[in-house]
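Contents: one structure, followed by commentary.
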Amino acid sequence: MTDPIGLEDFLNVDIRVGTIVRAEPFPEARKPAIKLWIDFGPELGEKKTSAQITAHYAPEDLTGRQVIAVTNFPPRQIGPFMSEVLVLGLSDSNGDIVLMRPDQNVPNGERLH
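353 is the number that this note's numbering gives to position 4 of the sequence shown; each next residue is one higher, with no gaps.
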């Protein structure tokens with residue numbers, strides 16, 4: 350367990366929904382990963398990231414899927430690729446990542462409450 354945070358801390362984390370518009374293998378990554386381009390709606394536009402999600406997902410199956418991501422981290426260089434957001438997921442019983450997503454479609458860019 351981590352230390353408690355205040356509401357202000359939570360409100361400073363910008364967590365939004367977006368739709369994956371493109372996904373490609375990322376063979377240059379140190380650990381198996383997939384490059385993702387995600388549409389976060391008119392306010393944020395399209396952002397890219399890489400995710401170590403190859404145990405459960407293939408690039409060709411991800412286009413059109415909504416995901417949840419932290420959108421206000423500073424960009425981070427991952428090999429030759431610049432990651433702009435952090436896609437959120439949970440570990441399964443083997444430690445492999447399962448993506449978080451809404452159980453109904455919602456408008457891209459909607460913020461988590």
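For glycine and all other residues, C-beta sits at the position ideal for the given N, C-alpha and C.
A quick note: this is a predicted structure, and the numbers were derived from the prediction, not measured.
Taking C-beta separations shorter than 6 Å and ignoring five residues to either side along the sequence, the partners of P381 in its chain run T403, following chain order. The Cβ neighbour count for L360, taken over all protein chains shown within 10 Å, is under 16; the residue is labelled exposed. Note on the stretch 360-402: whole alpha helix (DSSP H) runs with a minimum of 4 residues are 390-393, in chain order.
Remark: C-beta atoms of V366 and Q401 do not approach each other more closely than 8 Å. V455 sits exposed, since fewer than 16 C-beta atoms from the chains shown fall within 10 Å of its C-beta. E395 and T420 have their alpha carbons spaced roughly 11 Å apart. Around the CB of A407, fewer than 16 other CB atoms lie within 10 Å, so the residue is classed as exposed.
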